[in-house]
Amino acid sequence: MKNGRIAGTGSYVPETIWKNEDLEKMVETSDAWIRERTGIGARHIAGEETVAQMAVKAARRALENAGICSTELDLILVGTSSSESIFPNTACLVQDEIGAFRAACLDVSAACTGFLAVYELGQMYIRSGKAKNVLLIGADALSRLVDWSDRGTCILFGDGAGAVVLTAEEQETKACEKIHSDGEKGVSLTCEKGTYLQMDGRAVFQFALSRVPEVIREVLAEAEVPVEEIDAFILHQANSRIIDGVAKRLKAPKEKFPRNIEAYGNTCAASIPILLDEWNRSGRAQKGQRIVLSGFGAGLIWGAAYLEW
């Protein structure tokens with residue numbers, strides 16, 4: 004059975020940067036307070052730029068990195084919860100801009116777990132033989148959904164897009180994914196139409212510390228790979244304390260948990276592919292490495308994936 008391998012990555016963040024010092028002028032907070040509780044130092048803000056425009060820029064960079072023409076794509080999957088367009092979906096807008104006229108186009112709304120959701124779907128299409136080349140995108144602009152007078156949420160989020168090209172691998176490699184949901188607890192993180200994002204921070208924090216290590220162990224058990232043999236854990240960049248807590252519960256060194264939350268904040272569905280792109284372009288990604296992706300978010304939805312680079 005063929006699995007998809009990551010053939011290329013790309014990312015994009017807007018030029019406008021709001022540092023913690025900028026937020027000090029807007030709400031009762033401080034750089035030290037934000038860093039201590041979240042690890043965040045800055046975030047990029049989209050302004051007039053749309054989610055689709057950010058997604059297109061990340062997509063083009065991923066295609067260039069993969070050496071694949073847009074006309075070779077069979078499928079475009081976009082994880083987003085903040086598109087300005089109800090329809091057409093963001094994937095179709097991306098298809099039009101990059102000229103991927105052969106590709107089927109679907110959006111998935113799974114909040115911060117959006118990229119993991121489209122990653123699993125992309126792998127399913129490849130394993131079924133329905134697709135050879137799949138473009139996966141996570142893109143969000145949550146700066147438009149937060150109340151900038153609420154210091155509990157406005158400090159957390161930034162905007163951006165990340166993309167990955169999956170290509171059917173001729174040589175068999177291990178890969179597996181798990182996604183779980185708990186709608187009963189969905190009230191802890193919500194955003195109703197026409198309102199701002201609302202979050203029970205303590206509940207989400209405890210949920211992440213419990214479920215993320217659990218699902219990582221689950222996916223590694225299926226892959227028959229011990230935690231000790233993982234080269235990197237690419238986690239959703241929501242909070243540095245959560246990342247540290249997951250590392251502690253897995254008894255894995257923090258050095259195996261790369262992070263960029265200090266520069267970008269929580270970019271929702273974009274966080275994992277942006278970090279993957281940085282990992283790839285920095286030269287840290289090496290063929291044969293064993294990688295875990297994991298994230299969590301509104302729904303509540305959480306998941307993990309094991310892959311070999």
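Residue 91 in the working numbering sits at position 88 of the sequence shown; the count goes up by one each step and never skips.
By construction, the Cβ of each residue, glycine as well, lies at the ideal position given by its N, Cα and C atoms.
Grouping DSSP H, G and I as helix and E and B as strand, with all else coil, what is residue 193? For the purposes of this step, residue 193 is taken as the residue at position 190 of the sequence shown. Residue 193: strand per DSSP, three-state reduction.
Residues in the same chain with beta-carbon distance under 6 Å from residue 11, minus the five sequence neighbours each way, listed in chain order, please. On the sequence shown, residue 11 is found 8 positions in, with the first residue counted as 1. 65, 68, 69 and 168, listed in sequence order.
Exposed or buried, what is residue 280 when buried is set at 16 or more other beta-carbons lying within 10 Å of its beta-carbon? Walking along the sequence shown from the start, residue 280 turns up at place 277. Classification for residue 280: buried.
Is it true that the CB of residue 76 sits closer than 8 Å to the CB of residue 55? Your numbering for residue 55 matches position 52 in the sequence shown. Your numbering for residue 76 matches position 73 in the sequence shown. No, Cβ-Cβ distance for residue 55 and residue 76 is not below 8 Å.
Apart from the five residues just before and just after residue 252, which ones in its own chain have a Cβ nearer than 8 Å to its Cβ? Stepping through the sequence shown from its first residue, residue 252 is reached at position 249. Excluding residues within five positions, the ones whose Cβ falls inside 8 Å are 212 and 216.
On the DSSP letters alone, give me the boundaries of the alpha helix (DSSP H) that residue 118 sits inside. As a working mapping, residue 118 is identified with position 115 in the sequence shown. Taken as a continuous stretch (DSSP letters only), the alpha helix (DSSP H) holding residue 118 covers 117 to 131.
My output table needs one value for residue 269: the three-state DSSP class, helix, strand or coil. As a working note, residue 269 is residue 266 in the sequence shown. Strand, per DSSP.
Simplified DSSP state of residue 290, which is helix, strand or coil: For the purposes of this step, residue 290 is taken as the residue at position 287 of the sequence shown. Coil at residue 290, not helix or strand.
Identify every residue that forms a DSSP beta bridge with residue 183. As a working mapping, residue 183 is identified with position 180 in the sequence shown. Its beta-bridge partners are 305.
When you compare the CB positions of residue 310 and residue 178, do they come within less than 8 Å of one another, or not? Residue mapping note: residue 310 aligns to position 307 of the sequence shown, counting from 1. Residue mapping note: residue 178 aligns to position 175 of the sequence shown, counting from 1. Going by beta carbons, residue 310 and residue 178 fall inside the 8 Å limit.
Mapping DSSP to helix, strand and coil, what is residue 163? Within the sequence shown, residue 163 is the residue found at index 160, counting from 1. Residue state, collapsed to three classes: strand.
Just to check my reading of the structure: residue 162 and residue 270 have Cβ atoms closer than 8 Å, yes? What is that Cβ distance to the nearest angstrom? For the purposes of this step, residue 162 is taken as the residue at position 159 of the sequence shown. For the purposes of this step, residue 270 is taken as the residue at position 267 of the sequence shown. Indeed, because the Cβ distance is near 6 Å, the residues count as touching under 8 Å.
Just curious, the alpha helix (DSSP H) that residue 203 is in, first and last residue? Along the sequence shown, one-based indexing puts residue 203 at 200. Where residue 203 is concerned, there is no enclosing alpha helix (DSSP H), given that its DSSP letter is neither H nor E.
Residues near residue 189 by beta carbon distance below 8 Å, same chain, minus five either side: Locating residue 189 in the sequence shown gives position 186, counting from the first residue. Excluding positions up to five away in sequence, the list reads 301, 302 and 303.
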